[in-house]
Structure formats: C-alpha cells, structure tokens
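Trainee: Numbering (our numbering), first residue to last: 1 to 177.
Have a look at this one before I ask anything.
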C-alpha cells in the first residue's frame with residue numbers, strides 16, 4: 001500500500017520528483033556524515049587535556065583545528081547550497097506543472113478532458129510540497145550543525161587558553177555536552 005502510494009506520488013509530481021529524491025538522499029547523507037565527523041572531532045577534543053602538559057599544546061590545538069574541525073566547517077557551506085537547491089527544484093516542478101495545466105486548458109477548448117488540467121495542477125503542487133519537505137528539516141539540521149560547530153570551536157579555544165595558564169591554576173576540564 002505504501003509502495004503504491006509512493007509510486008503514485010512520484011508519478012503525480014513529474015520528473016522533478018526523481019531529481020528531488022536524489023538530491024534529498026545526497027543532502028541527508030552529507031548532513032549525517034558531517035554530524036558523525038563533528039561527534040568524532042568532539043571526542044578527540046576531549047582527549048586534548050591541557051592539564052596533562054603535553055610537549056607542544058599549541059601544535060596539538062592547531063592540528064586539531066586544521067584537521068578535525070576544518071573537515072566539518074568545509075562541508076557546511078556546500079550542504080547549505082544543496083539545501084537551497086531543493087525548493088528551487090520544487091519550483092521547477094511547479095513551472096512544469098503549470099505549463100502542463102495551460103496545455104490542458106488549450107486542449108479543453110478542443111474537447112480534451114478536464115483531467116489534463118488537474119494533472120498539471122497536481123504536478124505543480126506535489127513538486128512544490130516535495131521541495132519544501134526536503135529543504136525545511138534539512139535547514140534546521142544544518143542550523144544545529146552550525147551551532148554545534150561553533151560550540152566545539154569555542155571549547156577548543158577555551159582549552160587552548162587554559163593550556164597557557166599555570167598548571168596550579170587550572171580547573172578540571174569540563175566534559176563537552
């Protein structure tokens with residue numbers, strides 16, 4: 001039943017829905033990979049303990065920022081562009097559906113059934129809806145990733161500054177949440 005409904009929806013939405021399906025899979029795969037990378041980076045940041053007095057804490061923190069954190073930060077703008085493309089692709093489906101509607105109107109005058117008009121309107125609405133369904137949750141997820149990245153960067157700099165204090169004045173490190 002669900003398989004049939006999904007197939008019917010994909011048919012109603014026209015060719016644009018197939019592109020949205022691929023774009024959606026790509027967006028959510030990148031968001032998930034970036035989230036996993038950020039969690040891995042946060043675990044490694046916890047291991048950079050300024051109280052242990054490593055040989056060169058500046059190198060450790062700079063290395064972390066240039067590798068772990070940079071990996072996450074480089075992906076965020078690319079994912080944002082892809083997310084922006086989802087409603088635009090839905091809009092393309094809207095235009096395609098409206099063109100089909102106008103073709104149906106022209107044919108109606110020559111005796112074509114009204115179903116050709118409703119099919120175009122359906123394609124337009126389904127494509128618009130699908131573009132928004134893909135983009136809105138992804139935009140929220142991206143905002144959470146941005147915030148988590150900022151917090152990780154803040155924690156990195158806090159630990160770097162703590163590593164430059166005298167060992168006797170250091171508080172115990174706080175765990176990342």
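Every residue, glycine too, gets a C-beta built ideally from N, C-alpha and C.
Can you name the start and end residues of the alpha helix (DSSP H) that residue 150 belongs to?
Mentor: Secondary structure note for residue 150: its alpha helix (DSSP H) is the uninterrupted segment 115–163.
Trainee: Please tell me whether residue 127 and residue 93 are closer than 7 Å, where the distance is taken between their beta carbons.
Mentor: Cβ atoms of residue 127 and residue 93: closer than 7 Å.
Trainee: Can you round the beta-carbon distance between residue 71 and residue 37 to whole angstroms, since I take them to be within the 8 Å contact cut?
Mentor: A Cβ-Cβ distance of about 6 Å is found for the pair residue 71 and residue 37, placing them in contact under the 8 Å criterion.
Trainee: Would you mind stating whether residue 101 and residue 121 have Cβ atoms separated by less than 7 Å?
Mentor: yes
Trainee: Going straight from the alpha carbon of residue 89 to that of residue 10, what length do you get?
Mentor: 14 Å
Trainee: If we count the other Cβ atoms within 10 Å of its Cβ and call it buried at 16 or more, is residue 131 buried or exposed?
Mentor: buried
Trainee: For residue 31 and residue 119, I'd like the C-alpha separation in whole angstroms.
Mentor: 34 Å
Trainee: Report the three-state DSSP secondary structure of residue 14 (helix, strand or coil).
Mentor: Of the three classes helix, strand and coil, the one that applies to residue 14 here is coil, per DSSP.
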